[in-house]
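Protein chains: 2
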Amino acid sequence: MRIGELAERTGVSTRSLRYYEQQGLITARRTANGYREYDESDVRLVAEIRALLAAGFALEDARPFVNCLRAGHPAGDACPESVTVYRRKLAEIDAEIHDLIRRRADVADQLARACPGCALTREHSNDHVDHGELRRAGPRRGQAGPRRVLG
Amino acid sequence: MRIGELAERTGVSTRSLRYYEQQGLITARRTANGYREYDESDVRLVAEIRALLAAGFALEDARPFVNCLRAGHPAGDACPESVTVYRRKLAEIDAEIHDLIRRRADVADQLARACPGCALTREHSNDHVDHGELRRAGPRRGQAGPRRVLG
DNA sequence: CTTGACATTGACATCCATGTCAAGGCTTAC
DNA sequence: GTAAGCCTTGACATGGATGTCAATGTCAAG
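Residue numbers (this note's numbering), protein chains in the order written: chain A, 1 to 151; chain B, 1001 to 1151.
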């Protein structure tokens, strides 16, 4: 099938398909007139890539999954390299959640101080938070912030 | 003080300071030779901007805080517009945490299925998660993924 | 005057995945 | 033959904050 059909069948733009080819994730034969020619197995590869993207993985994360399928395995995560990506992603998500929770606590704290009478009820769960923690962390670029981080 | 000194005092690059000026967050007088001239109050403004950036706010989010300080208030969050930003950011963080938790559950699920014997112990906390939720959500771009979201 | 430090503006790069457009080729139906 | 649809490549844009560089001006010390 030509690129338009693959795009139709997978719901992915031709632009993105060409990008995935550029990144080396998918390949296509070329017909005599220079058109790309894909087969049924490419539908599966693209679907795998899209599923991973949807789950928050980067395109580069999809490489071992695609390679695993290409190697003939029944699933993209039937290879150790794919499992490694899963693990790393889990750790990344955990770190991100932790960071968000911290930042949420600090914003809620600032809100409570700026507007004592209109704080959200859910802020009560922040009692255990070390209120000075984020302030002492300083801004992202290592900048020494003011004594009160959020003003 | 000239831009180099403000940069030194705030730990922010001159590039960034010029960008903040371009975005209208800070301003500077100009000397006869065209150099920017800042005063002590600008140190406070920049610190406020950096603190907010460090806390995950976008530069645009800093506008009401900066305006509040400029209006002579003792703190950037002493104005209702700033409180509104706080509230919106709280909601955004909540949504993001929720999304991450969902995605984490799905990745952990996929990992457990790909590698039954080496699952992390923390995945046991996912028993209450609706495992089919993320899969049915589909990829980010509305793409109908394969039946098994992660391959 | 020379040199070195600091300043200016403007432009482009970076990151990642995708959108948009131009110019031109290929195929098929009418 | 023409028109329409699909294809090609290449280039640039997007988002947001910051880095890097070129060309040039300013200032102060030696």
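We treat Cβ as the ideally placed atom computed from N, Cα and C, and that holds for glycine.
Spanning the alpha carbons of B:Leu1006 and A:Ile26 requires a straight line of approximately 50 angstroms. In terms of Cβ geometry, A:Leu100 and A:Leu69 do not form a close pair [threshold 8 angstroms]. Closer than 8 angstroms to the CB of B:Gln1023 there is not a single CB belonging to chain A. Across the set B:Glu1096, B:Arg1087, B:Pro1116, B:Ala1095, the C-alpha of B:Arg1087 shows the shortest separation from the C-alpha of A:Ala108. When rounded, the separation of the alpha-carbon atoms in B:Glu1048 and A:Ala58 is 33 angstroms. Annotated as distal: A:Ile3 and A:Arg30, with beta-carbon spacing of 8 angstroms or more. Collapsing the DSSP output to three states places B:Arg1009 in a helix.
Here B:Gln1023 has Leu1059 as same chain residues with Cβ atoms under 7 angstroms from its own Cβ, once five neighbours each way along the sequence are excluded.
Proximity of B:Asp1077 to chain A, defined by a Cβ-Cβ separation below 8 angstroms, is satisfied. Of the candidates B:Arg1063, B:His1098, B:Arg1103, B:Glu1096, the residue whose Cα lies closest to the Cα of B:Val1085 is B:Arg1063. If the five residues before and after B:Tyr1038 are omitted, its C-beta is found closer than 6 angstroms to the C-beta atoms of Met1001, Leu1006, Ala1028, all from its own chain and listed in chain order. For B:Arg1070, no pairing in a beta bridge is given by DSSP.
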